[in-house]
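>
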Amino acid sequence: MKAALAMAGAVLLSCAALAQQPAKAPGKAGAAGFPDGPGKDVLTSKCFQCHGPSMWTAQRQDRRAWEATLYRMVGRGALWNEDEIGAMASYLGTVYGRKAK
Amino acid sequence: MRELVARYLSQSISRRTFLKGLAAAGLTPAAARSVLESVVPSAQAQDVEGIRVVEGTGGECFAEQLAASGVRYIFGNSASEDAHFYEALVDRPQLKYILTPHEGPGAAMAAGYVKASGEPAIVMQAAVVGLANAIGQMFNAYKEQTPLVFYSYRTDQTGRAGRDGFEEVANQEGIVAPLTKYSWLARNASMIPETVRRAFKAAWTPPYGPTYASWHSDLNDQRTRAEVIVQQKVDPRMRVRPNPAEVERAARLLVDARMPLMIVGDEVTRAKATAKAVKLATLLGMPVTQARSVHANFSQSHPLWVGGLPVGRISSLDFPKNPDVVINVGNKLQHNSPNPMIGHGVKFIDMRIDSWSMGNVIPVDVPLVADVAFGLDDLIAAIEQLVTDDLRKRYAARAEDVRAFGEKRRRLSGLFVKSPDWDASPMIADRVTWEVAQFADRDAIIVHEAGSVAAHSFGFNPDGGRELFFYMGAHLGSGTGTAAGVKLARPSRQVICLTGDGSFIFGPTALWNMARLELPVITVVYNNHAYSGPHSRVIEKVPNGRMVETGHFVHDYLGKPDMNMAWIAKGFGVEGEVAHSPAELKAALARARRATMDGKPYLIDAQVARVGVAWAESPWVPAVRERGEPERRM
Chain A
6 MKAALAMAGA VLLSCAALAQ QPAKAPGKAG AAGFPDGPGK DVLTSKCFQC
56 HGPSMWTAQR QDRRAWEATL YRMVGRGALW NEDEIGAMAS YLGTVYGRKA
106 K
Chain B
132 MRELVARYLS QSISRRTFLK GLAAAGLTPA AARSVLESVV PSAQAQDVEG
182 IRVVEGTGGE CFAEQLAASG VRYIFGNSAS EDAHFYEALV DRPQLKYILT
232 PHEGPGAAMA AGYVKASGEP AIVMQAAVVG LANAIGQMFN AYKEQTPLVF
282 YSYRTDQTGR AGRDGFEEVA NQEGIVAPLT KYSWLARNAS MIPETVRRAF
332 KAAWTPPYGP TYASWHSDLN DQRTRAEVIV QQKVDPRMRV RPNPAEVERA
382 ARLLVDARMP LMIVGDEVTR AKATAKAVKL ATLLGMPVTQ ARSVHANFSQ
432 SHPLWVGGLP VGRISSLDFP KNPDVVINVG NKLQHNSPNP MIGHGVKFID
482 MRIDSWSMGN VIPVDVPLVA DVAFGLDDLI AAIEQLVTDD LRKRYAARAE
532 DVRAFGEKRR RLSGLFVKSP DWDASPMIAD RVTWEVAQFA DRDAIIVHEA
582 GSVAAHSFGF NPDGGRELFF YMGAHLGSGT GTAAGVKLAR PSRQVICLTG
632 DGSFIFGPTA LWNMARLELP VITVVYNNHA YSGPHSRVIE KVPNGRMVET
682 GHFVHDYLGK PDMNMAWIAK GFGVEGEVAH SPAELKAALA RARRATMDGK
732 PYLIDAQVAR VGVAWAESPW VPAVRERGEP ERRM
């Protein structure tokens with residue numbers, strides 16, 4: 006159990022100052038199936054280098070929660086500006102928001 | 132008399148028996164002593180610098196060899212079969228025994244001391260039953276290449292071994308063989324010092340790693356005579372310079388590179404070569420990154436620092452996007468993906484003392500097997516011979532590009548303070564980290580065992596700034612013990628331990644050591660009453676499954692009842708408090724500072740929000756009673 010916990014913890018630390026365990030990184034090809042919409046391009050270009058599609062498809066939350074998630078990733082090393090974060094949060098809140106479930 | 136001398140030389144009789152025999156043969160006491168003195172040099176290596184013969188119990192010989200091996204601190208848990216060793220400590224105050232209430236945190240404390248001091252230490256367990264508790268931290272030491280010596284006796288005595296007796300297991304020393312560089316069972320009492328010596332030699336010969344020594348418990352009680360030899364006489368002092376021809380090849384590759392990239396690792400810190408790594412990077416205007424490591428091995432505020440490898444592959448760096456030459460200086464390059472960290476199209480220079488792992492996954496164009504301090508010296512010297520004024524201008528322009536990216540990175544990486552939950556209560560982990568970073572001394576040491584927490588905002592700088600001790604090995608329960616050991620080694624530095632609630636609860640007993648030894652560590656527990664990492668990971672693996680649909684997660688919630696870490700700390704003699712909000716956290720940190728200034732440790736149980744999807748306000752807890760089963764009230 007301890008190892009499993011550590012692995013999981015390491016994943017969440019993955020974009021921090023110290024490199025950690027990799028998530029499945031599909032590249033832009035993994036964006037297949039993601040609905041088109043404003044913010045999709047930013048998402049696929051900025052997030053898919055580290056994360057697989059299930060990172061999004063698994064999560065259903067409103068825009069504000071997506072925004073908080075994205076700012077949490079900033080603390081782990083993601084380099085986005087506020088406009089990009091806003092665009093991604095709006096896209097995810099629309100496509101993978103609570104109502105979309 | 133000839134037979135008497137022969138028996139004495141063969142160690143069949145003791146010194147006292149020898150003298151009695153001489154007296155019985157008619158020699159006066161003075162004559163007997165004269166004979167003894169004439170015999171001793173041929174029997175012993177006395178008077179040879181650094182080598183002497185010790186007579187006494189196995190336990191005494193053990194203690195003498197530890198002192199000769201340079202040990203100051205012994206970490207151990209109570210073990211009745213080490214009685215003669217404890218007896219020997221009474222008159223050897225240079226050996227300081229630290230009683231640890233659990234072998235796991237005890238070993239973590241020993242490892243923390245070794246890592247922070249660079250000095251040898253030993254950690255002792257009671258037989259295989261105690262060893263089993265310490266193996267988790269032995270795993271960490273193995274993964275982190277910490278030169279820590281472990282010892283535990285075999286409870287089975289020589290006269291009854293092999294009968295599946297009390298605390299007996301076959302091949303006890305074999306259990307830890309995959310986790311150690313050297314694992315050995317001394318066959319008789321006179322071999323105890325040599326076994327211990329070799330354990331220290333193997334541990335401290337690069338690449339470092341843990342070792343294990345063992346012997347049957349009755350050997351501690353037996354009287355024997357054995358040579359005790361100081362570490363300097365057995366240490367091969369393996370500080371290797373790289374192959375000069377390979378240095379030339381590496382220099383040429385780096386000088387001609389369009390965009391080189393340097394990865395740094397823990398060998399840089401261990402070799403005290405961080406300033407040399409800066410010098411090499413500066414010479415070439417070369418960006419610097421780091422893969423998973425114990426320490427922050429390069430200043431994070433340096434203009435050439437481009438951040439850590441996001442997912443352990445250089446392709447995931449924001450900058451530089453396409454390096455053509457990569458040099459690794461002392462990083463283990465732990466691979467966690469089928470994809471290699473460095474793709475095949477990139478020229479790769481690997482400078483490490485750990486030749487064992489070179490070339491296993493990533494093809495190496497230029498191997499530089501070396502102590503990285505020497506390796507960097509030689510490489511810098513070779514590059515300086517090749518650099519022209521035109522090249523210097525090119526490197527300066529490259530450095531400017533790196534600096535520009537660094538400025539952008541610093542500007543954007545601080546945006547997490549814009550989170551809509553920044554002022555929330557319970558707090559988001561980023562807020563806790565940020566507050567601790569604002570609070571920490573400029574040269575604080577951060578011990579980090581908070582798996583889901585990013586250690587941003589500290590601006591680590593191994594050259595005189597804040598230092599990091601990260602739980603690279605990942606066996607949990609190490610943080611508190613490590614922090615205690617680090618503080619023991621570095622008493623003048625502020626030591627702050629960041630730990631998750633899940634991690635903390637695996638090893639809180641080291642708090643008792645902090646209280647007893649007056650090691651004023653500040654421990655901050657990120658307490659979200661959950662294993663949040665595994666929560667998110669299972670959802671990612673089973674995104675639309677029954678767990679999400681029903682909210683029935685059996686594996687992640689640690690509430691009902693909530694654990695109060697401040698109360699746990701008080702039970703171990705450490706003052707602490709619960710902080711629910713940023714304001715309470717600031718106030719708690721101020722009280723922590725006052726406590727540590729009085730030499731007292733302090734713990735803050737920082738209430739942290741559970742984040743991510745599918746967390747219910749009051750998470751489901753699996754029942755263990757069958758439906759209709761009567762309640763268990765007595």
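So the protein sequences, as listed, match chains A and B. Following the working numbering, the numbering of the first sequence begins with 6 at its first residue and continues without gaps. Following the working numbering, the numbering of the second sequence begins with 132 at its first residue and continues without gaps. For glycine and all other residues, C-beta sits at the position ideal for the given N, C-alpha and C.
Taking the alpha carbon of residue 580 of chain B as the point to measure from, which residue in B:589, B:609, B:748 and B:495 has its own alpha carbon closest?
B:609
> Considering just the uninterrupted stretch of the alpha helix (DSSP H) at residue 192 of chain B, what are its terminal residues?
Boundaries of the alpha helix (DSSP H) harbouring residue 192 of chain B: 189-199, taken from the DSSP string.
> Looking only at C-alpha atoms, which of B:186, B:727 and B:646 sits nearest to residue 324 of chain B?
B:186
> To the nearest angstrom, report how far apart residue 591 of chain B and residue 711 of chain B are at their CA atoms.
27 angstroms
> What would DSSP say about residue 665 of chain B, mapped onto helix, strand or coil?
helix
> Between residue 661 of chain B and residue 688 of chain B, is the Cβ-Cβ spacing less than 7 angstroms?
yes
> Within this structure, are the beta carbons of residue 277 of chain B and residue 246 of chain B separated by less than 7 angstroms?
yes
> Can you give me the start and stop residues for the alpha helix (DSSP H) that residue 240 of chain B sits inside?
234-248
> Whole angstroms are fine: how far does the CA of residue 92 of chain A sit from the CA of residue 488 of chain B?
44 angstroms
> If you count every other CB in all the chains shown that lies within 10 Å of the CB of residue 765 of chain B, and 16 or more means buried, which is it?
exposed
> Please decide whether residue 739 of chain B counts as near chain A, where near means a Cβ-Cβ distance under 7 angstroms.
no
> What residues match up with residue 579 of chain B in a beta bridge as DSSP calls it?
B:601 and B:629
> By how many angstroms is the C-alpha of residue 497 of chain B removed from the C-alpha of residue 55 of chain A?
29 angstroms
> Can you give me the Cβ contacts of residue 215 of chain B inside the same chain, cut-off strictly under 6 angstroms, excluding the 5 residues immediately before and after it?
Excluding residues within five positions, the ones whose Cβ falls inside 6 angstroms are 188, 190, 351 and 352.
> Kindly confirm or deny that the segment 649-668 of chain B and the segment 724-741 of chain B touch, where touching means at least three C-beta pairs closer than 8 angstroms.
yes
> From the DSSP output, read off the bridge partner residues of residue 481 of chain B.
B:459 and B:498
> Pull up the CB-CB distance for residue 82 of chain A and residue 441 of chain B, whole angstroms please, since I reckon it's below 8 angstroms.
6 angstroms
> Could you tell me how far apart the beta carbons of residue 429 of chain B and residue 395 of chain B are, in whole angstroms, since I believe they sit closer than 8 angstroms?
5 angstroms
> Which first and last residues belong to the alpha helix (DSSP H) in which residue 569 of chain B is found?
560-570 is the span of the alpha helix (DSSP H), which, as asked, contains residue 569 of chain B.
> Say whether chain B places a C-beta atom closer than 7 angstroms to the C-beta of residue 93 of chain A.
Closer than 7 angstroms: no.
> Check each residue of the segment 309-325 of chain B: if its Cβ is closer than 8 angstroms to any Cβ of chain A, include it; give the result in chain order.
Within the segment 309-325 of chain B, no residue qualifies.
> Does any CB atom of chain A fall closer than 7 angstroms to the CB of residue 540 of chain B?
True, the Cβ-Cβ gap to chain A drops below 7 angstroms.
> Can you give me the C-alpha to C-alpha distance between residue 744 of chain B and residue 209 of chain B, rounded to a whole angstrom?
46 angstroms
> Just to confirm my understanding: we take residue 288 of chain B, look at its own chain, exclude 5 residues before and 5 after, and list those with CB closer than 7 angstroms. What are they?
347, 348 and 349
> Tell me which residue opens and which closes the alpha helix (DSSP H) that residue 323 of chain B is part of.
323-335
> Which residue marks the beginning of the beta strand (DSSP E) containing residue 658 of chain B, and which one marks its end?
653-658
> Closer than 9 angstroms between beta carbons: that is the criterion. Which residues of the segment 35-51 of chain A meet it against chain B?
none
> Find the nearest neighbour of residue 123 of chain B within the set B:757, B:761, B:647 and B:599, judged by alpha-carbon distance.
This structure does not reach residue 123 of chain B, given that chain B is present from 132 up to 765, and the question cannot be answered.
> Output the distance between the C-alpha atoms of residue 495 of chain B and residue 61 of chain A, rounded to the nearest integer angstrom.
Roughly 37 angstroms separates the two Cα atoms.
> Could you run through the segment 66-84 of chain A and flag, in chain order, every residue whose CB is less than 7 angstroms away from some CB of chain B?
66, 69, 72, 73, 76, 77, 79, 80, 81, 82 and 84
> May I ask you to report which of helix, strand or coil DSSP gives residue 31 of chain A?
Note that residue 31 of chain A scores 45 on pLDDT, short of 50, meaning its location in the model is unreliable; the coordinates nonetheless yield the value given after this. Correct three-state label for residue 31 of chain A: coil.
> Which bits of chain A does residue 547 of chain B rub up against, with CB to CB less than 8 angstroms?
76, 77, 79 and 80
> Sorted by chain position, which residues of the same chain lie with C-beta nearer than 7 angstroms to residue 467 of chain B's C-beta, five sequence neighbours on each side aside?
443
> Quick check: the segment 511-529 of chain B against the segment 405-420 of chain B, are at least 3 beta-carbon pairs closer than 8 angstroms?
They touch, by the three-pair rule.
> When the cut-off is 7 angstroms and only beta carbons count, does residue 62 of chain A lie next to chain B?
yes
> Throw me the rounded Cβ distance for the residue 69 of chain A and residue 95 of chain A pair, which I believe falls under 8 angstroms.
Not quite, the Cβ-Cβ distance comes to about 11 angstroms (not below 8 angstroms), so this is no contact.
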